[in-house]
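Residue numbers (the numbering used here): 207 to 1152.
Reviewing the structure listed below.
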């Protein structure tokens, strides 16, 4: 994006605009309101033409700064023309004494298409009402043109007084730029501001601006690697560049950042980096404003693709255009961070120069550096690690790695001088250093530190060290994945995963992760686990499966880190299987014994199982805020305990029939307080699948629920309860059995805005359905959540009883929810008869939308399939739903033609294509084919017989 000399005349004909405005005022009636109305069309046309020309030129030359300066020039012209009209024709005696200045971002001569126009009107100390009316006229015209104008009208004396009290006003005046009117007032303000404010308050201003920056970063997520970053306010964004300029302008008294090269603050290369970063960020921001037609500062998913295209990015083999654009964006924000550190180092060096007399003695005493025990290369300077002398890294490049280790051991922050020295020594990290045994030993100590390994790794990454020391890691630095599921870039995700592991290691997650907290102290291969967590996604962005490629990378890197062959193979296995436990837990029926035996065959040992559980927890937690919840924790614990039992030889060899009989007797015993007739009736209601899968406490609760419903004469009832630890709310539905029951329940939940996570479906011996639907919890407070769940339960009852029509309530919900057009998920339907001994497993993958589950379950009912359980999993915009089904006589679906029909019909639902059988039917209902109707009307074998 090359910067070129700007020819502003190609934007607008300034002389012609002035002539048109002069003609309007000269031929007018002289009434102010009529003149204002007559000027508006001319000025609006000029503004639109100038901005549109700026947009076309941005597409042509790609320079964001040029675009911002062009829009600023157009705005300057409009304001000056309006002012000239006021001064010559409307308020001749007052307007010439008024000064119009631009402040803030506009004061720098840059303006984004949707930015506010910040103006400061200066009045002489003896001002008149007529002067204020002149200012009002100018403001009203700007407002009528649709501009958002931030403004203040003050005397020079008021500006100076307020600058002493308010840091925001001080910053605004720092950027004052004369536009039109009485120039003497602007010159006076600049002179007095420099003498009375800037000269005596440098350290205070710098401290305030840096504190303000830190607070802004905290609010924006305190990372530059959010995949939907704020271009203006986010870490490494335009506001950070502006903060750098404010600080340098204040401290070094320069008008342009280029002067910092002459002062030796920045090298020529660093200054070019500064220019490139600012130009790129302005290009992104201007394109965002043009595209959205408003001051949009968040680079959200729905505009990233179009911005990438408008900036000229194209797809490559391994990365799409949008991913290449976002990687460039994150690398630029990292450059801004590097420049900030270099500048802070220079400022600190300036302020550290000794003052004369007793003050200088005290200052030197306070700033005295201290030796760090066991380290001759580094010293402590006010709680920060610094170099003992400038030649440390040249003498021993391994010192670059060691510096971070020493800082971690002693809990030290990093002196800006040290970080600047690292930035200028990155070329020393070469193949020789990467293969150096001592450097790798120190790095492994950093990674497995019991102190703050994630913080240290993040500092290494920000300094550019981590990606150079591990080139494979360097390839995924600033790499984003274009999906709603991933909140961070890949490198930030990996570092956050290490942070999660460190917290588990310290016992900090005892409440959230009781099992992992209990297992971690007994992990023998702790080093291997840390390496696996750091590298589990290191092969993202490659054409092949990143798990397989990652295992290959691990086999190369682990020996370099000093791991033994057995440890290397363990790390490679963990990386290759790092998604297995999560996918099985979230998409498979954990009550199906085949699920457990298949997973145990993958894991093969208890040690692997423990480590894979902890890796899985760290991986999910590091995806982003809110991705981990108690329900996922419960699924993982269930899979762990069931697999542990099988691996340790404790899986029951007693037949299912015997275990079911024992479970029925246990239920009867638990109901012994009831009448003998009731205890017998309600303990014999259930078939084998229910008795073997449902816990005794829940069986008792269900028996009480069914008895209460029978006593009240309610054939249709719902019961709700919530569990804050599992982050799940359970809705139990008792209703006459019906092949479409689950589809109706799913539709009712969709209409009520409830996300189904799991469904367990059972039939009682008297022909009723007892279905348990688990929905994701929304409220922290139990009372609020129970009220919400009761509303969902009522919706289910209303739809089942016919009080509400399902197509209408789903249509209402879908209309209020914005459709996701940003992402593409290719529909996929797979059918397997090997994942379960008793059921056909149908796995469906596609783009999530309101009512999707209801539509799919209707199709399965149309196809005469009986759903025994369903597992619903959402990964951002993508949904993976798994159904365990049989035909209506309880057998697996083995006929290939029938399987093909199932796949075709479900793909039509996922693609939202019209189904031939839907034609002429109301929305939300799929008409079954004649054969299905015939089968449904025939004798139906109960699901309980399966």
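Cβ coordinates follow ideal geometry from the N, Cα and C atoms, glycine included.
Rounded separation between residue i and residue j - CA only
i	j	result
residue 408	residue 456	6 angstroms
residue 1131	residue 953	The predicted model places residue 1131 with a pLDDT of 46, which falls under 50 and marks its position as unreliable, so this point remains unresolved.
residue 906	residue 879	12 angstroms
residue 421	residue 445	12 angstroms
residue 782	residue 828	18 angstroms
residue 1079	residue 943	26 angstroms
residue 580	residue 713	30 angstroms
residue 755	residue 743	9 angstroms
residue 245	residue 230	7 angstroms
residue 897	residue 870	7 angstroms
residue 695	residue 523	19 angstroms
residue 460	residue 380	11 angstroms
residue 629	residue 594	17 angstroms
residue 1043	residue 1072	16 angstroms
residue 614	residue 678	24 angstroms
residue 514	residue 288	38 angstroms
residue 389	residue 305	7 angstroms
residue 568	residue 410	Low confidence applies to residue 568: its pLDDT is 38, below 50, so where it sits in the model is not reliable, and the reading given next is rough at best. Roughly 20 angstroms separates the two Cα atoms.
residue 771	residue 799	34 angstroms
residue 588	residue 419	22 angstroms
residue 1118	residue 1097	30 angstroms
residue 443	residue 417	16 angstroms
residue 286	residue 425	38 angstroms
Assumed close pair residue i, residue j - CB separation to whole angstroms, cut-off 8 angstroms
i	j	result
residue 705	residue 776	Not a contact, Cβ separation roughly 22 angstroms.
residue 472	residue 412	The pair is not a contact, with the Cβ atoms about 17 angstroms apart (cut-off 8 angstroms).
residue 653	residue 737	7 angstroms
residue 937	residue 979	5 angstroms
residue 701	residue 646	Contact flag wrong, Cβ pair sits at about 19 angstroms.
residue 313	residue 321	At roughly 12 angstroms, the Cβ-Cβ gap does not stay under 8 angstroms, so residue 313 and residue 321 are not in contact.
Spatial neighbours of residue i in its chain, beta-carbon cut-off 6 angstroms, leaving aside the 5 residues before and after
i	result
residue 977	939 and 967
residue 216	none
residue 1004	1010
residue 830	693
residue 1036	1049
DSSP-derived helix/strand/coil call for residue i
i	result
residue 982	strand
residue 587	strand
residue 297	coil
residue 1103	helix
residue 577	strand
residue 252	helix
residue 793	helix
residue 1081	strand
residue 1037	strand
residue 902	helix
residue 357	strand
residue 897	helix
residue 231	helix
residue 266	helix
residue 942	strand
residue 543	helix
residue 745	coil
residue 631	coil
residue 1070	coil
residue 519	coil
residue 835	coil
residue 937	strand
residue 1045	coil
Neighbourhood of residue i by C-beta, 7 angstroms cutoff - its chain only, sequence neighbours within 5 removed
i	result
residue 300	334, 336, 337 and 340
residue 1062	1050, 1087, 1112 and 1115
residue 369	375, 376, 379, 399 and 403
Nonlocal neighbours in the same chain, by C-beta distance under 8 angstroms from residue i, ignoring five residues either side
i	result
residue 458	465, 466, 469 and 471
residue 208	For residue 208, the predicted model reports a pLDDT of 49, less than 50, meaning its position is unreliable; a value from the coordinates is still stated below. Here the set comprises 267, 268 and 269.
Minimum Cβ-Cβ distance from residue i to chain B less than 8 angstroms
i	result
residue 674	Given the protein chain composition of this structure (a single chain), no chain B is represented.
Item checked: Unbroken stretches of the alpha helix (DSSP H), 4 residues or longer, contained in the segment 459 to 502 -> 465 to 468 and 474 to 498
Margin query: I'd like the ranges of any beta strand (DSSP E) spanning at least 3 consecutive residues and lying wholly in the segment 285 to 351.
Written below: 305 to 308 and 323 to 329
Next item on the list: Run through the segment 750 to 826 for me and flag every whole alpha helix (DSSP H) of 4 or more residues, listed as ranges in chain order.
Entry: 752 to 767, 771 to 782, 786 to 793 and 799 to 809
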